[in-house]
Amino acid sequence: MRRWGIRKKVLVVTLVPTLLTTLILGLFFTYSWVNNIESLLSDRGESLSRQLAAGSEYGLFTANRSLLSSLSNALLEEQDVRSITFYGSDGRRLLHTGPGSSQAPASGTLPPDHAMRMAGENSTRFVTPVYLQDLMIETMLDPDARQSMSELKEPLGWVSVEMSHVRTEKETYKAMLISLLLVLGGVLLSLAIAMRLSRAFTDPVFELNEAVAKLKEGKLDTRVHTGAGPEFEQLESGLNDMAEELSKAQAEMQQNIDQATGDLRETLETIEIQNIELDFARKEALEASRIKSEFLANMSHEIRTPLNGIIGFTELLLKSPLPRQQRDHLNTIRKSSEILLTIINDILDFSKIEAGKLILDRVPFQLRDIIEEVMVMLAPAAHSKNLDLAPLVYNDVPDNVMGDPLRVKQIITNLVNNAIKFTQTGEVVLRASLEDEDQENNRVTVKISITDSGVGLSRAQQQSLFNAFSQADASTARQYGGTGLGLAISKRLVEEMGGQIGLESELGKGSTFWFTLNTELSATGEVVTPRDALKGEKVLYLEHQKTTGLAVEHMLRDWGMVVDRVASSGAMQEQIEEAQKSQAGYAVAIVGITRNLLNSSQYRNLLHNLEVERDCRTLLLTPTLESHDPGLSGLASGHLTKPVCRNALYDELLLLVHGINAGGRAIDSYAPGTGRQARNNVPRVLAVDDNEANLKLVMTLLDDCQLEAESACNGFDALSKARQKPFDLVFMDLQMPGMDGVETTARIRELDTNTHRTPIIALTAHALADEQEALAKQGFDGYMAKPISSSELTAIIREYTGYDCGNRSTPPNFSEVRDTRKPLRPSSRRVQEDCVSVSESIQLAAGKADLAEELFSMLVEQLRPDMQKIRDFWAEGDMDSLLDCVHKLHGATRYCGVPELRAAANQLETALKCSAPDIGAHKDQLLEAMERLHAWSEQTDWQPLFRQDQYQTGTAP
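Its first residue numbered 867, the sequence shown is counted upward by one per residue in my numbering.
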């Protein structure tokens, strides 16, 4: 009902009670009227039946039909009487007057003692028994007769009066009709009243609605007067007042609109003039942007071209023998040039991003290799400040991912370099963890964070740190330099890759820069060889830098090695000694030291004791070394610089533990590829550049590679030489006067045949164009940016010609430097006898120290030849000659204090004489003892030991 209108509500409220009341009263009075009619008919029938029974007593008693007939005829004159019937005492009909059935009812159906009513469809019959009454005088005077008459109980007969229903039904219909008319009249009257009331309510409302609609249409002169009562008068007054106020407001607003329209017309004219000026300014800005791009490209070429010569020739000079002062000056020149090159690269990268010309590669790469390359590259800067630089890559981080490795490396380099720059003491830690993994789409989100213990940043500095050309300290007296573009470029690169970048910092407590790398997993990743060759081997690890120790221990445990940590050099010596006593020595001892311990005599004694006295292989981990002086690294069997790389550490441990040189691979000799013409297996190379310094640098690098190289200073000269003879590789500068590199390349391409296609590599310093894609369309096979590095040059020569420029001063198939290292035997897992006892030597020489020194010197000089003889005799199977050699060696050891070698020679000689089955094991034990004695003599200044009194009764350390 809430949604009903006023009219509907008034009609419902008015009609429903009236209808219900009228209907109930009509039904009640109709029902009463009909009942009264029926009761009246029943009463008249019973009364007429009783009267007839009383009047017919004599007739029935005397069976006088004439009398009965006259009674019935008289009674038929009554209203509603249809027929009269007389029955005898036996129930048979005596007389019937009027219409109806002539059949008498069965005697058993007539009641002898009371009246009966028999209702039919059209009539009702009233049957009354007739008894004999004592009305005679004689009977009344004779008591006996009266007594006898009263004892008669049987009726004389019955009388039946049939009453018709015709008039009763007419009266009933009449009553119902009158009731219906009364009900309808009441309903119509109520409806008329309800309609009148509803109109009294709704008509004023409609008038008000119409007035509101007119006001809505803007006819503010509308007024309303309904005259419907005080309530509506208040509403009318409010509406009329509102219309009046609106009319006034419209007039005022129209006035304001007219004024505003005039002002707007003037403003539009001004804006139109400004638009014309902005259009001119936009064209000027576009032209300025184009000029800026061309300027940056040209400046890139103009700046990189001399930088190429500066850096290239500086590196060439550093390879030559120079005084220390000149080498320092050259290093300063190289570092300054590299800083300038970094600034130029940042500016050009930022220009690329701003111009929307930065294109990201999507190639598979090894994430851990990228991280390790950055750490190794920035390690010298960190170690020069005595900082601990360590990468922590968790096991669940996938290695084979898709993306742009160069840009990822650039982001990590910027963040790590900033951390090193703003940290004076402590550490810089890179952590890589798996943030999210979507196996259905084969995607992962890797979070890389760089934490430092530097100066930290305030909230104000953090808010503007990722803006271009912005620094935490922008004053002229700032301590740290830079362009302020590194973080801005990193932020844009991360966003281009679909990741996020941020920082967490507190002033004075260091900073943590992080970014997420949202990438796909590489489906064609490299097959990783399982590194299980070191599984179960025991390692003892001493490390002074906590985070580096955690990273190295994490890698060792990942390879299945058992790692024990010690805190000092003394604890390491004691633990190795205890382990050897229990016949469960360590496979290798890893010693990590800081920069200030490189010249420590304590660690020099530690390495000497482990390598020589305990026969335990050691691996030394040091910061980046500036000098070529081996120092402590010369005392250890292996040496690596921090931060430690996985492959280098695994290969070094494999060599120290099992003697397997996994890093020594022969260098492939040059084999010309299909379609490449070469003479004497050396490719022919043409270098083209209009800058004399750059051309000289390229030619010098090609000469170092022992290539057949020719030069050309312009495109015409290069084309002329290409027509005279084919080249296996051409390095082409792009910007040259006359015929530039692109046109020269197109002319050379016309000289290519089906069997020979000249690879042409572009040399350019441009950084704003889409170099690789554009150059590939112009006929170039590759691209090398200036300044040129010797490593990139040799890599391109190897890729396009198959010729390896590495170490060409040595014969072909010469192994890497690691192959020249002396063979290493595994660490001893048990306690060894003393290698050398100076006091015993002097005692065997009758107390003469000079004789003992001479005998020991003779034994040491004979070690190398005897070792070679023993190996040769064993290889040839000449046991007799082997026995003679061992016998002589055994005899020599009897006069020198060499307990370990003497025992080994004695055991092998005994085994040879007895033809024991374990001769091979004794032979290996003897060779190990000889190698250990030789190593002791090489690493120990033993001559003074024989000449000092303090060693006459002691054992050499």
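We put the CB at the ideal spot given by N, CA and C, even for glycine. Given the structure is predicted, the values throughout are model-derived calculations rather than measurements.
**Request:** May I ask you to report which of helix, strand or coil DSSP gives ALA1079?
**Result:** Here ALA1079 sits in helix by DSSP.
**Request:** Name, in chain order, the residues that DSSP records as bridge partners for ASP1302.
**Result:** The partner list for ASP1302 (beta bridge, DSSP) reads THR1311.
**Message:** Going residue by residue through the segment 1115-1143, where are the continuous alpha helix (DSSP H) segments of at least 4 residues, counting only ones entirely within it?
**Reply:** none
**Item:** THR951 to ARG1033 span [Cα, whole Å]
**Value:** For THR951 and ARG1033, the distance between alpha carbons rounds to 21 Å.
**Exposure label - LYS1401; buried when at least 16 CB within 10 Å** = exposed
**Prompt:** Does the distance from the C-beta atom of VAL1049 to that of GLU1073 stay below 8 Å?
**Reply:** Not in contact: VAL1049 and GLU1073 (Cβ atoms no closer than 8 Å).
**Request:** Kindly identify the DSSP beta-bridge partner or partners of ALA1836.
**Result:** Lying outside 867 to 1823, the shown extent of the chain, residue 1836 is not represented and no answer is given.
**Request:** Identify which residue in ILE1044, LEU1081, ALA1437 has its Cα closest to the Cα of ASN1106.
**Result:** LEU1081
**Request:** Please name the residue in PRO1187, LEU933, ALA1642 whose C-alpha comes closest to that of LEU960.
**Result:** Considering only alpha carbons, the answer is LEU933.
**Asked** Where DSSP assigns a beta bridge to GLN952, which residues make up the other side?
**Response** Before going on, a small fix: residue 952 reads as Phe here, not Gln. Answer is LEU961, VAL1025, bridged to PHE952.
**Prompt:** Can you tell which of GLN1290, GLU1035, VAL1274 has the C-alpha that lies nearest to the C-alpha of SER905?
**Reply:** GLU1035
**Asked** Between the segment 1024-1033 and the segment 986-993, do three or more beta carbon pairs fall short of 8 Å?
**Response** yes
**Asked** If you drop the 5 nearest sequence neighbours on each side, which residues of the same chain put their C-beta closer than 6 Å to that of GLU1403?
**Response** MET1427, ALA1453, VAL1523
**Asked** If VAL1027 and LEU914 are in contact, beta carbons under 8 Å, what's the gap, nearest whole angstrom?
**Response** 5 Å
**Item:** Coarse secondary structure for LEU1253, derived from DSSP in three states
**Value:** coil
**Request:** On the DSSP bridge assignment, give the partners of LYS1404 in chain order.
**Result:** Bridge partners of LYS1404 according to DSSP: VAL1428.
**Asked** Are THR1385 and VAL1267 close, meaning C-beta to C-beta below 8 Å?
**Response** Their beta carbons are under 8 Å apart, which means THR1385 touches VAL1267 by this criterion.
**Item:** Bridge partners - ASN1384, DSSP secondary structure assignment
**Value:** BP columns for ASN1384 point to THR1311.
**Request:** Rank ALA985, MET984, LYS1591, ASP956 by C-alpha distance to the C-alpha of VAL996 and give the top, closest one.
**Result:** ASP956
**Message:** Between LEU1799 and LEU1767, how many whole angstroms is the CB-CB distance? I'm expecting something under 8 Å.
**Reply:** 5 Å
**Message:** Quick check: what's the CA-CA separation for ALA1256 versus ILE1316?
**Reply:** 10 Å
**Where GLU1293 sits in the DSSP three-state scheme** = strand
**Prompt:** At which residues does the beta strand (DSSP E) containing ASP1481 begin and terminate?
**Reply:** From DSSP, ASP1481 is part of no beta strand (DSSP E); its letter is neither H nor E.
**Item:** Where PHE992 falls: helix, strand or coil (DSSP)
**Value:** strand
**Prompt:** Within 10 angstroms of its Cβ, does ILE1059 collect 16 or more other Cβ (buried), or is it exposed?
**Reply:** exposed
**Prompt:** Does the beta-carbon distance from ILE1314 to LEU1387 come in below 8 Å?
**Reply:** no
**Prompt:** Once you ignore the five residues that flank THR1038 on each side, which residues in its own chain have a CB closer than 7 Å to its CB?
**Reply:** VAL900, ILE903
**Item:** Assigned exposure category for PHE1379 - 16 Cβ within 10 Å defines buried
**Value:** Burial call: buried.
**Request:** Give the straight-line distance between the Cα atoms of ARG1542 and ASP1618, rounded to the nearest whole angstrom.
**Result:** Because ARG1542 sits at a pLDDT of 39, beneath the cut-off of 50, its placement in the model cannot be relied upon, and the point is left open.
**Asked** HIS1622 and PRO1592 look like a contact to me (Cβ under 8 Å); what is the Cβ gap, rounded to whole Å?
**Response** 6 Å
**Message:** I'd like the list of long-range same chain contacts for LEU886, defined as Cβ closer than 7 Å, with 5 residues on each side in sequence excluded.
**Reply:** So no residue of the chain qualifies.
**Straight-line gap, PHE1812 to CYS1701 (C-alpha atoms, nearest Å)** = 15 Å
**Item:** ALA1711 beta carbon less than 8 Å from that of LEU1721
**Value:** It is a contact, given that the beta carbons lie within the stated cut-off.
**Request:** Quick one: using the 10 Å Cβ neighbour count with 16 as the cut-off for buried, is TRP1802 buried or exposed?
**Result:** buried
**Request:** Would you decide whether LYS1447 is buried or exposed? Buried here means 16 or more other CB atoms lie within 10 Å of its CB.
**Result:** Result: exposed.
**Request:** Whole angstroms is fine: what's the gap from GLU1794's alpha carbon to ASN1197's?
**Result:** Each residue's alpha carbon lies about 45 Å from the other.
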